[in-house]
Each structure stands twice: as C-alpha cells, then as structure tokens.
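Chains as they are written, first to last, in my numbering: chain Y, 7 to 269; chain V, 839 to 939. Glycine residues also receive a C-beta, built at the ideal position from the N, C-alpha and C atoms. The next block holds one structure in the form of structure tokens; read it before the comments.
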C-alpha cells in the first residue's frame with residue numbers, strides 16, 4: 007500500500023460533449039484518463055460522450071496543482087479536443103468546455119434529462135453543418151518594405167515630417183486591416199449559416215513570421231459554396247500580400263449556447 | 839503546401855495548439871449546476887491556466903501564450919470592465935494581480 011494518504015475516490019464523469027441518443031461513442035481517441043475509455047450514456051433523445059475520471063485528479067482544490075504541470079494540461083486539452091474530433095467524423099456533437107466534470111452518473115443523467123429540449127435543439131441547429139476557421143495573415147516584411155520605401159521618398163525632409171509620414175502609414179495599415187476584416191467577414195458570412203469574429207493571435211502564438219489580420223469561425227452547411235467564396239476572397243486578398251488560411255472542421259464550439267443550467 | 843493551394847488559400851495544416859485552446863477554454867457549453875467544478879471555478883480555471891502559462895517557459899515553447907492577442911487579458915479595445923473582473927478573479931484565486939501588459 008502506498009504511503010500517500012488515500013482519499014476515497016468514487017470517481018466522476020468527464021463530459022466532452024452531447025450527441026444524439028443513437029450515436030455511438032468514438033473509438034480510438036485517447037480520453038483524459040487513459041485508464042477509462044469514452045462511452046456514450048443515453049438519456050432520452052440525447053447521449054453524453056463521457057469517460058470516468060478520478061475526482062482526486064479533477065478536484066477543485068487539487069486542480070491548480072495539476073495545472074502547474076504544463077505537460078498534464080496540454081495532454082488533457084488535446085484529449086478533450088481529440089475525443090470531440092473523433093465523434094465529429096461520424097455524428098453531430100455539441101461540445102462542452104474543458105473540465106466539465108460530474109460527481110456521479112446520476113448527476114450527469116439528471117443534466118441530460120433536465121436539458122433534453124435545449125440539447126436536442128442545439129443538435130438540430132448543428133446537424134449537417136461544420137465549424138470552419140478562417141484567418142488572414144500578412145507578411146510584415148512586405149508592409150515594412152512599403153513603409154521603408156515611403157520613408158526613403160521623404161529622406162530629404164525633416165525628421166519630424168518623416169515621422170508624421172510614418173504615423174500616417176501606420177494609421178493607414180490599421181484602416182486597411184479594419185476594412186479587410188469587415189469585408190472578408192461579410193463575404194464569408196454570406197456563404198455560411200453563422201459566423202463570429204475571434205480574438206487575433208499574436209505572432210508568438212502562431213509561431214510564424216506573419217501578422218494576423220483576421221480570425222473568424224463559421225458554421226457552414228454548404229461547404230462547396232463556402233470554399234468558393236473563400237477562394238474568391240483569397241484572390242483579392244493576395245493582391246495585397248494577404249494570405250487566407252482555412253482550418254477545421256472543428257467541433258462547433260463557437261456555435262452552441264454559451265451556458266445551460268443557470269436558473 | 840496543401841491541395842487547395844490552387845484555390846488561393848491554405849488549408850490542411852494540423853490544428854495549432856493556440857486554435858485548440860481558444861476554443862476548448864473559451865467556447866463550448868458551460869454547464870452551471872451540479873458539477874464538480876462550478877461556473878466561477880471554470881472562469882477561475884481559465885484565468886489560472888493563462889497566468890500559469892504566461893509564466894512558464896515550457897509553455898512558451900509549446901506556444902501557449904495566445905492570450906497576448908486576447909482583448910480579455912491584454913485590455914485592448916478599452917474593455918476595462920473585463921480587466922477589473924480579471925483582477926477580482928485573480929484575487930479570489932490568491933494569485934498575484936496581473937499588471938498592465
């Protein structure tokens with residue numbers, strides 16, 4: 007017996023997402039706790055995609071310690087995503103946020119029963135649709151080259167004037183970004199069922215030298231139509247040195263009700 | 839490059855951690871009620887994760903510092919209300935209060 011103090015751990019349920027009752031649990035995807043695979047727990051018209059977890063591991067009080075381990079965190083977050091992606095391959099899924107943990111199967115089933123209508127509606131909205139991500143990226147070297155060219159043109163002028171010119175170009179860049187983002191979002195939205203504009207990611211995050219000008223997510227029913235609109239937008243963007251990038255399909259995180267169960 | 843290169847846009851790259859994080863931590867259904875970790879905890883959790891990662895070199899290597907571009911934390915767009923909320927959450931979590939970035 008280990009010397010560490012043992013706490014009673016009846017085990018809880020980690021909820022990844024909700025599917026229709028007749029959907030099968032995805033096989034193969036690693037769960038957040040490798041000892042316990044993902045199962046489908048049916049309740050009325052819907053079913054939970056869930057796996058058993060240790061309530062000691064996923065405890066409010068000890069979680070902060072776990073989170074100090076970046077390796078643990080990435081592993082769990084990746085597992086959460088992979089389970090949902092595996093499910094997405096064969097069915098419609100309403101994704102839950104990271105670390106949704108029930109203390110017991112009864113609690114989880116009570117949630118499904120109590121929100122059957124909302125969950126069924128959410129599934130119906132998502133049926134036959136996928137979430138796609140679109141980013142606009144620009145090579146900053148191209149922009150600085152333009153700035154440089156402009157400042158060389160003013161080389162004979164006083165420093166202050168050159169600075170003003172630089173500021174004007176800076177403002178121009180901001181205006182360009184705003185216009186590009188609005189125009190792109192509008193065009194893509196017209197080819198999608200729904201869409202949202204997300205926070206931009208810094209260059210450190212993307213790990214690339216390119217600057218992000220736009221980050222959006224779309225709920226797409228007709229993928230061909232959407233990709234045509236994207237290709238068309240990409241032609242125009244490329245003329246300005248801007249590259250568009252498509253990601254997904256994602257579990258539709260951005261197109262589910264934000265919150266359920268608040269009285 | 840991808841098979842869609844001819845269409846003028848890129849696709850088919852493996853999911854980047856930043857893209858996964860911005861969805862898994864910030865989006866998806868939040869369930870209030872009888873769960874192990876309640877709604878406020880989830881919010882706290884997200885804040886903790888961000889702060890933790892912000893200070894962890896390893897996380898930087900992993901590329902998890904996407905909140906640099908997040909108006910919620912960087913306080914852009916004049917969202918000072920959110921900053922106040924963050925500060926309150928940090929205090930509640932017993933974390934050092936974040937400074938203006």
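Any C-beta of chain V under 7 Å from that of residue i
i: residue 129/Y; result: no
i: residue 237/Y; result: yes
i: residue 36/Y; result: no
i: residue 92/Y; result: no
i: residue 86/Y; result: yes
i: residue 241/Y; result: yes
i: residue 250/Y; result: yes
i: residue 42/Y; result: no
i: residue 224/Y; result: no
i: residue 216/Y; result: no
i: residue 266/Y; result: yes
i: residue 189/Y; result: no
Close-in-space but distant-in-sequence residues of the same chain around residue i (CB under 8 Å, 5 per side omitted)
i: residue 200/Y; result: 224, 225, 261
i: residue 101/Y; result: 22, 23, 90, 257, 258, 259, 262
i: residue 39/Y; result: 20, 57, 58, 59, 60, 63
i: residue 83/Y; result: 104
i: residue 191/Y; result: 201, 203, 220, 222
i: residue 128/Y; result: 24, 100, 262, 263
Own chain residues within Cβ distance below 6 Å of residue i, not counting five before or after
i: residue 231/Y; result: 197
i: residue 107/Y; result: 18, 20, 64
i: residue 918/V; result: Confidence at residue 918/V is low in this model, with a pLDDT of 43, below 50, so its placement is unreliable and the value that follows should be read with caution. Cβ within range, chain order: n/a, list empty.
i: residue 3/Y; result: Given a span of 7 to 269 for chain Y in the structure shown, any question on residue 3/Y remains unanswerable.
Exposure of residue i, with buried meaning 16 or more beta-carbon neighbours within 10 Å
i: residue 121/Y; result: buried
i: residue 96/Y; result: exposed
i: residue 50/Y; result: exposed
i: residue 246/Y; result: exposed
i: residue 234/Y; result: exposed
i: residue 188/Y; result: exposed
i: residue 23/Y; result: buried
i: residue 77/Y; result: exposed
i: residue 41/Y; result: exposed
Close beta carbons around residue i, own chain, < 7 Å, minus the five adjacent residues each side
i: residue 34/Y; result: 92
i: residue 114/Y; result: 19, 21, 47, 54, 56, 108
i: residue 914/V; result: Confidence is the limiting factor: at residue 914/V the pLDDT is only 37, short of 50, which leaves the residue's position unreliable and the question unanswerable from this model.
Beta bridge counterpart(s) of residue i as assigned by DSSP
i: residue 221/Y; result: 141/Y
i: residue 200/Y; result: 225/Y
i: residue 848/V; result: 251/Y
Rounded separation between residue i and residue j - CA only
i: residue 272/Y; j: residue 861/V; result: Residue 272/Y is absent from the structure shown; chain Y starts at 7 and stops at 269.
i: residue 136/Y; j: residue 165/Y; result: 53 Å
i: residue 856/V; j: residue 228/Y; result: 27 Å
i: residue 845/V; j: residue 180/Y; result: 27 Å
i: residue 29/Y; j: residue 208/Y; result: 38 Å
i: residue 869/V; j: residue 169/Y; result: 52 Å
i: residue 254/Y; j: residue 145/Y; result: 23 Å
i: residue 243/Y; j: residue 80/Y; result: 34 Å
i: residue 194/Y; j: residue 236/Y; result: 7 Å
i: residue 849/V; j: residue 217/Y; result: 17 Å
i: residue 185/Y; j: residue 221/Y; result: 14 Å
i: residue 31/Y; j: residue 204/Y; result: 30 Å
i: residue 140/Y; j: residue 249/Y; result: 10 Å
i: residue 847/V; j: residue 858/V; result: 21 Å
i: residue 863/V; j: residue 86/Y; result: 11 Å
i: residue 266/Y; j: residue 854/V; result: 28 Å
i: residue 251/Y; j: residue 134/Y; result: 23 Å
i: residue 138/Y; j: residue 167/Y; result: 45 Å
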